[in-house]
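Since the structure comes first, as structure tokens, the remarks are kept for the end.
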Amino acid sequence: MVFKIAAGLALSMAVAAQPVSAQKILLQIKPHVGDTIKMHLTQTIEMTGTPWSAGFDSARKLTASTEVFSRAVPYQWTAGGTLIHAITDSMTSSAVPQSGSPAKVRRVPPPAPAVLRVASDGAIEVVDDGDAASEIKHIFAEMPSMLPRQPVAVGERWKKEMRIPLAGDPGSEGTVKATLQFDSLSKNEQVAFISIRGSISRVTADRRVAPSSYQTSGTFTGTMRIDRALGWITDAKSVISVRAEIADERPSQRKVAKPLEVQTKISVWTRAVKQ
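In structure tokens, the structure reads:
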């Protein structure tokens with residue numbers, strides 16, 4: 114009997130002494146019902162284009178920024194995920210048409226509150242957008258899952274393929290083939306750090322591959338922090354860089370060799386605001 118107790122204690126100590134990096138952890142989004150999570154989002158879109166038959170000095174640049182303060186209020190757990198009231202408190206946007214020009218800042222009327230269903234793997238579904246004219250459904254309707262459904266250890270990787278809207282190119286989407294990695298875990302095992310790297314290809318509004326006259330390539334990089342106690346992504350940064358070449362297929366311009374070149378960089382930072 115004493116031997117069994119000693120053996121059990123030894124086994125328990127061995128498990129407790131196992132390094133954190135070797136333990137498998139289930140990364141999931143499961144906020145607590147009744148919490149109010151304040152969020153702050155900033156997005157910057159930088160576009161540089163050179164028109165057909167134009168020289169290098171004629172390149173045009175546009176920078177647009179959006180800032181959103183919002184709240185996520187979980188109110189019910191379901192089999193498919195957590196139901197959340199998404200409330201936008203304020204939204205502002207600014208645009209700089211040319212380098213050196215002053216930014217034009219304007220306040221945008223916030224969309225009506227929406228109801229979202231957030232799955233444990235991060236997939237988001239719009240249950241009720243509250244306003245058919247709002248952009249909430251366009252932003253979240255096809256937000257894919259980012260997290261693995263099985264436990265992973267620090268250093269492990271997994272692959273995801275997702276579609277994202279390409280800002281500045283209405284009706285177009287990008288297909289992202291990404292590799293995600295569980296980089297590290299905080300000392301108290303509360304915060305998980307994840308990195309993302311991937312490539313982007315463009316598809317048209319009807320989800321066909323873009324025509325040969327439209328050549329594009331791009332990269333997607335980002336980081337995430339998951340607060341396991343809060344059950345929420347408290348910090349997420351992403352950068353999308355896309356370079357496109359569009360051939361001029363107008364009959365009178367078929368002999369023009371130089372295509373239209375457009376470079377787009379989209380930077381997004383979403384973080385939870387301490388209350």
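Those letters in the sequence shown? Residues 114 to 388, by the working numbering. Positions of the beta carbon are idealized from the N, C-alpha and C atoms, including for glycine. Nothing here was measured: the structure is a model prediction, and the numbers come from that model.
For M259, the nearest candidate out of L175, R384, R219 and L140 (CA to CA):
Ranking L175, R384, R219 and L140 by Cα distance to M259 puts L140 first.
Mind checking which residues open and close the beta strand (DSSP E) that includes M204?
That run of the beta strand (DSSP E) goes G194 to V209.
So, with DSSP's three-state summary, where would you put I313?
Here I313 carries a strand assignment [DSSP, helix/strand/coil].
Report, in whole angstroms, the separation of the C-beta atoms of F306 and E269, which I expect to be a contact under 8 Å.
Contact doesn't hold; Cβ gap of about 13 Å is too wide.
Might you give, ordered along the chain, the residues of its own chain that have their beta carbon closer than 7 Å to the beta carbon of H153, omitting 5 neighbours on each side?
In the same chain as H153, and ignoring 5 residues on each side of it, the C-beta atoms closer than 7 Å to its own belong to F182, R384 and V386, in chain order.
Per DSSP, which residues does L298 bridge with? Please list them.
In the DSSP assignment, L298 forms a beta bridge with A305.
Do you know offhand how far V375's Cα is from A357's?
Between V375 and A357, the C-alpha separation is close to 5 Å.
Would you say the beta carbon of A185 is closer than 7 Å to some non-hydrogen atom of the ligand MN?
The ligand MN is absent from the structure shown, which contains no ligands of any kind.
I need the straight-line Cα distance from G344 to K137, nearest angstrom please.
Note on geometry: alpha-carbon atoms of G344 and K137 lie some 17 Å from one another.
Between the Cα of S203 and those of T195, T179, W190 and Q189, spot the shortest distance and give me the residue it belongs to.
Closest option to S203, Cα to Cα, is T179.
Can you check DSSP and say which residues form a bridge with G335?
Paired residues: I309 and S351.
Buried or exposed: V146, going by 16 or more other Cβ atoms within 10 Å of its Cβ?
By the Cβ-count criterion, V146 is exposed, with fewer than 16 other Cβ atoms from all chains shown falling within 10 Å of its own Cβ.
Can you give me the Cβ contacts of E238 inside the same chain, cut-off strictly under 6 Å, excluding the 5 residues immediately before and after it?
The answer, listed in chain order, is R230.
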